[in-house]
Ligand SMILES: Cc1cc2nc3c(=O)[nH]c(=O)nc-3n(C[C@H](O)[C@H](O)[C@H](O)COP(=O)(O)OP(=O)(O)OC[C@H]3O[C@@H](n4cnc5c(N)ncnc54)[C@H](O)[C@@H]3O)c2cc1C
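In the UniProt record's numbering, the protein residues as written are 1 to 318.
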């Protein structure tokens with residue numbers, strides 16, 4: 001089969017806050033970056049409504065509009081932004097090979113991976129309907145919108161426990177829905193939840209439907225999976241905290257990753273186990289998962305790529 005080929009100095013995979021920030025820095029360092037957007041140009045923030053915690057937007061901004069600003073800024077300095085999906089890689093030797101849409105092979109002196117993560121959802125049609133209108137997968141991002149209101153959170157792991165206690169500081173009451181008769185969270189996190197007065201735990205409870213008035217969430221219909229008893233809990237916010245999946249499958253076997261698939265980078269660095277390959281944003285951050293931290297590590301990745309190339313050039317001169 002005919003294979004298109006191209007060589008670039010700096011290839012960026014992903015167009016969320018990490019990828020676009022890496023592009024801004026790489027373009028300004030004259031690395032002539034080429035960025036592939038993947039199937040979600042703009043990344044996770046294009047799937048939300050208001051973003052109020054990104055510095056520089058005192059009135060807040062809609063997620064898709066903010067990502068348009070990121071794109072324009074990356075383009076202004078000469079980044080080539082292309083629609084395409086990285087389907088496989090070969091990091092066995094430099095230059096590194098990345099195949100786009102199974103047809104085009106790009107060789108790159110440096111690769112910046114900014115493929116992000118995907119929040120896991122329950123898969124209910126009503127969850128999709130009210131996503132951004134009371135349904136959220138990020139308590140730190142959206143908890144503030146529900147100040148002094150009653151909310152529910154689904155999940156039983158450490159993240160769910162942490163997000164429940166975060167919400168409990170802002171909201172009047174937090175209903176925590178746990179599918180089994182016990183938590184998966186560590187004992188320490190469980191203690192924090194159990195000692196928080198305004199968290200009510202509903203064990204053996206599954207969400208059947210997010211109830212709303214057509215515009216916003218007004219409640220959730222839940223069922224006890226032991227007694228089959230159904231009830232509606234009145235809440236204005238519904239948080240899903242059942243985990244994230246980093247978009248890193250294509251790097252399996254090449255890059256070090258943890259058991260969930262988060263890429264492992266060197267301490268204080270975005271350097272992966274392969275020289276010249278850097279990872280930033282939610283693909284390597286399972287702790288903070290914020291746009292501003294993704295942008296921060298995107299900046300680090302571009303600076304490290306630039307330093308790596310400069311060191312290589314120096315090596316060939318002497
Ligand atoms: C509903 C919701 C609301 C949120 N609200 C906020 C908020 O208010 N404030 C905040 O700070 N954070 C918020 N977040 C978190 C924030 O969106 C993420 O932390 C941030 O987007 C991570 O940026 P990223 O660049 O690492 O990855 P992402 O935004 O996940 O972008 C990943 C990019 O990689 C691309 N990609 C993936 N695989 C491939 C591939 N194989 N080839 C090419 N491209 C690929 C995708 O198309 C996408 O463009 C929210 C998240 C969600 C889900």
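We treat Cβ as the ideally placed atom computed from N, Cα and C, and that holds for glycine.
As the structure is a prediction and not an experimental result, all values here were calculated from the model.
Please name the residue, chosen from the options, that lies closest to residue i on a Cα-to-Cα basis.
i           : options               : result
residue 146 : 106, 55 and 239       : 239
residue 217 : 91, 38 and 129        : 129
residue 209 : 150, 119 and 126      : 126
residue 291 : 26, 27, 32 and 55     : 55
residue 94  : 295, 185, 274 and 278 : 274
residue 112 : 287, 312, 281 and 122 : 281
residue 27  : 75, 207 and 40        : 75
residue 115 : 245, 96, 170 and 6    : 245
residue 20  : 57, 81 and 7          : 81
residue 140 : 65, 123, 165 and 96   : 165
residue 143 : 237, 215 and 197      : 237
residue 41  : 316, 63, 92 and 279   : 63
residue 9   : 306, 316 and 287      : 306
residue 77  : 57, 32, 52 and 215    : 32
residue 53  : 138, 24 and 220       : 138
residue 11  : 316, 311, 298 and 219 : 298
residue 251 : 61, 311 and 96        : 96
residue 199 : 309, 287 and 161      : 161
residue 30  : 302, 312 and 193      : 302
What do you get for residue i, buried or exposed, if any count of 16 or more other CB atoms within 10 angstroms of its CB means buried?
i           : result
residue 228 : exposed
residue 289 : buried
residue 117 : buried
residue 314 : exposed
residue 260 : exposed
residue 163 : buried
residue 71  : buried
residue 253 : exposed
residue 79  : buried
residue 276 : buried
residue 59  : exposed
residue 109 : buried
residue 7   : exposed
residue 45  : buried
residue 92  : exposed
residue 214 : exposed
residue 232 : exposed
residue 247 : buried
How many Å lie between residue i and residue j at the Cα?
i           : j           : result
residue 357 : residue 268 : Residue coverage of the chain in this structure runs from 1 to 318, which leaves residue 357 outside it and unanswerable.
residue 88  : residue 99  : 5 Å
residue 212 : residue 222 : 14 Å
residue 255 : residue 67  : 28 Å
residue 285 : residue 181 : 30 Å
residue 320 : residue 224 : Outside the modelled stretch of the chain, which goes from 1 to 318, sits residue 320, for which no answer is possible.
residue 4   : residue 107 : 11 Å
residue 90  : residue 48  : 34 Å
residue 22  : residue 168 : 36 Å
residue 133 : residue 50  : 10 Å
residue 235 : residue 242 : 19 Å
residue 249 : residue 264 : 14 Å
residue 202 : residue 119 : 23 Å
residue 195 : residue 171 : 16 Å
residue 304 : residue 207 : 45 Å
residue 272 : residue 262 : 11 Å
residue 295 : residue 226 : 45 Å
residue 183 : residue 283 : 26 Å
residue 278 : residue 270 : 5 Å
residue 257 : residue 123 : 27 Å
residue 86  : residue 230 : 45 Å
residue 316 : residue 185 : 52 Å
residue 69  : residue 25  : 15 Å
residue 101 : residue 219 : 42 Å
residue 287 : residue 65  : 26 Å
residue 312 : residue 266 : 19 Å
residue 309 : residue 197 : 55 Å
Any heavy atom of ligand 2 inside 7 Å of the beta-carbon of residue i?
i          : result
residue 89 : Ligands displayed in this structure: ligand 1; ligand 2 is not among them.
Task: Whole runs of the beta strand (DSSP E) within the stretch 46-90, excluding any shorter than 3 residues - done: 80-82 and 86-90
Open item on the list: Could you check whether the stretch 152-165 touches the stretch 183-199, counting it as contact only if at least three pairs of C-beta atoms, one from each stretch, sit closer than 8 Å?
Closed with: The stretch 152-165 and the stretch 183-199 touch, with no fewer than 3 CB-CB distances between them shorter than 8 Å.
- [ ] Mind the definition here: the stretch 132-152 touches the stretch 174-183 only if three or more C-beta pairs lie below 8 Å; say whether that holds.
- [x] yes
Open item on the list: Would the stretch 30-39 count as touching the stretch 13-21 if we require 3 or more Cβ pairs under 8 Å?
Closed with: yes
- [ ] Kindly provide the ranges of any beta strand (DSSP E) runs that are 3 or more residues long and lie completely inside the stretch 134-174, ordered along the chain.
- [x] 150-154
TODO: At 4 residues or longer, and completely inside the stretch 176-261: list those alpha helix (DSSP H) runs for me, N to C.
DONE: 187-194
- [ ] Scan the stretch 105-131 and note each continuous alpha helix (DSSP H) run of 4 residues or more that stays entirely inside, going in chain order.
- [x] 125-129
Task: Complete runs of the alpha helix (DSSP H) confined to the stretch 15-46 [at least 4 residues] - done: 17-28
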